[in-house]
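Going by the UniProt record's numbering, the residue at position 342 of the sequence shown is 342; the numbering climbs one at a time, nothing skipped.
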Amino acid sequence: MKLSKIFLATILLMVVNDPVVPKQIDLKEVLAPVVSSNPLPALAAIVFDDQKVIASGAIGVRKFGDPTLVTIEDSFHLGSCTKAMTATLAARIVERGEISWATTVKEALSLQNVDSALENITLLELMSHNAGMPASLKNQPPGLWKYLYYNNTWQKGAKGRADRLKVAELLFSATPAQAVGSYKYSNAGFMIAGAMLEAATDTEWEDLMRTELFKPLGMKNCGFGPAARPDKVDQPWPHKLGNDKPLLVTPLIRAPESWDNPRSLGPAGTVSCTISDWAKFGQLHLGDGGDYISTESMSKLHEVRNASARSALGWFSYKRSWAGGTALTHTGSNLFNFAIVWISPTKKKGVMVATNIGDGKTRGKIFKILDGVVWQLIQAHF
């Protein structure tokens, strides 16, 4: 009898001391009315703190007109939300001493015939959007954008290193497109920054991302370029907004090799990822760097580099009451997808949303729909 009582007491003690793990909230009920009342094929969202996922969900279809449903394990294109990843990768390589934030482009890439105004442009300035680089490569120089599209496609060819070097050589031998030292958001700047990391490590940017970012952070379901294939419906297909309806970006409308930006644009915006794995990257930035990078490096990544634009390294930084201070954010789109992230390092919480449709606008209808979802989730969970 005494042994039975001891056994029962032990079991009760184990139950009392066993930590209660909060059940993850399914966001489908929150997302469903957004999809049904707006021209979104699919929508995924996640809310997390620095330790766990608080809520997540995905709803809708992978391909408009096809009944195949999206899942929380589907990959969404992150567009320019890639920039924070490239900057974080750079911080890790800087800490190893293979390159410095103060290393110049001319030095890193052994460039010849550099315009005098660009001779001292550094890795830090490129990632701060203060390096005099053009806002778009579509007009710089003539024919370059088309060349980048078709020289190395997502289906064949190299991963983009040679093309990024070519972009650096062309832009740094010409007069700066913008005033050096003044802010101008530039994909080209991040492309060239990626080229500098490649030169320092003798490794392609995509391979650096896999080994130095995805693997250490446990981001097992991340890749590059369009996640979808034209012969299957195994991932979310790209769509564009037309007449307030989602239009499939089919091979007839646009060749599969151009379902995304040129492969060489990678460091500025070609990562595709499940929203759950993307959250692992967000969790890193809610902390002090952990075992990945130092506290000093994390602070450097979040430091505002331009007071009016509020730009940091791969992030934009704003003061928000709901965040208890600083909130970091970015949006991403390759014209056919859209993603938004907001994180609060003070409250140790973040929110991410993504969809497989774009409208070609930074602050257009798709942004406003997703921004509304973000605000709804912040109000509910922060």
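Just so you know, even glycine gets a beta-carbon here, dropped at the ideal spot from N, CA and C.
key: Other residues of its chain near F35: CB distance less than 6 Å, five sequence neighbours each side excluded   = Here residue 35 turns out to be Val, not Phe, going by the sequence shown. Taken in chain order, the residues that qualify are L43, I59 and G60.
request  = Would you check if the distance between the CB atom of G350 and the CB atom of F76 is smaller than 7 Å?
outcome  = Not closer than 7 Å, so no.
request  = May I have a chain-ordered list of the alpha helix (DSSP H) segments no shorter than 4 residues that lie completely inside the stretch 14-91?
outcome  = Runs of the alpha helix (DSSP H) inside the stretch 14-91: 28-36.
query = Just curious, the alpha helix (DSSP H) that L241 is in, first and last residue?
reply = Where L241 is concerned, there is no enclosing alpha helix (DSSP H), although the beta strand (DSSP E) it sits in stretches over H239 to G242.
inquiry  = Which same chain residues end up closer than 7 Å to A268 when comparing Cβ atoms and leaving out the 5 residues on each side of it in sequence?
reply    = Answer for A268: S80, T82, K83, N187, F190 and M191, listed in chain order.
message = Can you find the residues in the same chain that come closer than 6 Å, C-beta to C-beta, to N306, ignoring five residues on each side of it along the sequence?
response = Within the same chain, Cβ atoms closer than 6 Å to the Cβ of N306 are found at Y183, the five residues on either side in sequence being excluded.
request  = Would you check if the distance between the CB atom of G223 and the CB atom of D260 is smaller than 7 Å?
outcome  = Not in contact: G223 and D260 (Cβ atoms no closer than 7 Å).
Whole-number beta carbon distance between A168 and L123, since they are thought to touch under 8 Å = 12 Å between Cβ atoms; not a contact.
request  = Spell out the partners DSSP gives W342 in its beta bridges.
outcome  = Answer is T329 and V351, bridged to W342.
query = Whose C-beta lies closer than 8 Å to the C-beta of S280 among residues of the same chain, with five residues either side of it excluded?
reply = It should be noted that the sequence gives Lys, not Ser, for residue 280. Here the set comprises L217, G218 and M219.
inquiry  = Does the structure place the stretch 62-73 close enough to the stretch 194-208 that three or more beta carbon pairs sit under 8 Å?
reply    = With the cut-off at 8 Å, the stretch 194-208 and the stretch 62-73 do not touch.
query = Looking only at C-alpha atoms, which of L335, R310, I378 and I340 sits nearest to W322?
reply = It is I378.
task = Put K146 into one of helix, strand or coil per three-state DSSP.
result = Of the three classes helix, strand and coil, the one that applies to K146 here is helix, per DSSP.
ask   = Going by alpha carbons, who is nearest to S100 out of P33, S297 and P142?
value = Selected option, being the one with the closest Cα: S297.
key: Residue nearest to N337 in terms of C-alpha spacing, selected from D244, P41, P22 and D277   = The shortest Cα separation from N337 among D244, P41, P22 and D277 belongs to P41.
ask   = Counting pairs of beta carbons, one from the stretch 331-347 and one from the stretch 150-164, are three or more of them closer than 8 Å?
value = No: fewer than three Cβ pairs fall under 8 Å.
inquiry  = Under DSSP, the alpha helix (DSSP H) around P267 begins and ends at which residues?
reply    = In the DSSP assignment, P267 falls within the unbroken alpha helix (DSSP H) covering G266 to G269.
message = Rounding to the nearest angstrom, what Cα-Cα distance links T326 and D50 in this structure?
response = So the two alpha carbons sit approximately 16 Å from each other.
inquiry  = Counting C-beta neighbours from all protein chains within 10 Å, is the total for Q112 16 or more, i.e. buried, or is it exposed?
reply    = Taking a 10 Å sphere around the C-beta of Q112, we find fewer than 16 other C-beta atoms and assign the residue as exposed.
request  = Go through its chain and collect everything with a Cβ distance to S173's Cβ below 6 Å, but skip five positions before and after it.
outcome  = Within the same chain, Cβ atoms closer than 6 Å to the Cβ of S173 are found at N113, the five residues on either side in sequence being excluded.
Option nearest P141 by Cα separation, candidates S56, T175, E119 and S116 = Closest option to P141, judged by alpha-carbon separation, among S56, T175, E119 and S116: T175.
query = Considering only residues of the same chain and omitting the five flanking positions on each side of P262, which have a CB-CB separation below 6 Å?
reply = So the list reads L148 and Y149, once near-sequence residues are dropped.
Helix, strand or coil at S110 [DSSP, three-state] = Note: S110 maps to coil in three-state DSSP.
request  = For D163, count neighbouring C-beta atoms within 10 Å of its own C-beta (all shown protein chains included) and say buried if the count is 16 or more, exposed if not.
outcome  = Under this definition D163 is a buried residue.
query = If you count every other CB in all the chains shown that lies within 10 Å of the CB of N139, and 16 or more means buried, which is it?
reply = Under this definition N139 is an exposed residue.
ask   = Quick one, are the C-beta atoms of A45 and I25 less than 7 Å apart?
value = A distance of 7 Å or more separates the beta carbons of A45 and I25.
inquiry  = Could you pull the DSSP bridge partners for K245 from this structure?
reply    = Answer is G242, bridged to K245.
inquiry  = Taking only three categories from DSSP, how would you classify S311?
reply    = S311 carries a strand assignment under DSSP once its states are collapsed to helix, strand and coil.
request  = Grab the span of the beta strand (DSSP E) containing F316 for me, first residue to last.
outcome  = First-last of the beta strand (DSSP E) with F316: F316 to R320.
query = Which term fits R62, buried or exposed, when burial requires 16 or more other beta carbons within 10 angstroms of its beta carbon?
reply = That one is buried.
request  = Would you tell me roughly how many angstroms separate the C-alpha atoms of D202 and V70, rounded to the nearest one?
outcome  = Between the alpha carbons of D202 and V70 lies a gap of roughly 38 Å.
query = What do you get for W375, buried or exposed, if any count of 16 or more other CB atoms within 10 angstroms of its CB means buried?
reply = Residue environment analysis places W375 among the exposed positions, since fewer than 16 neighbouring C-beta atoms fall within 10 angstroms of its C-beta.
ask   = Grouping DSSP H, G and I as helix and E and B as strand, with all else coil, what is S297?
value = S297 falls in the helix class under three-state DSSP.
The beta strand (DSSP E) enclosing F224, as first and last residue numbers = C222 to F224 is the extent of the beta strand (DSSP E) around F224.
task = Quick one: grab the DSSP three-state call for N261.
result = N261 sits in coil when the DSSP states are folded into three classes, being neither helix nor strand.
key: Bridge-paired residues (DSSP) for G358   = Per DSSP, the beta-bridge partners of G358 are K240.
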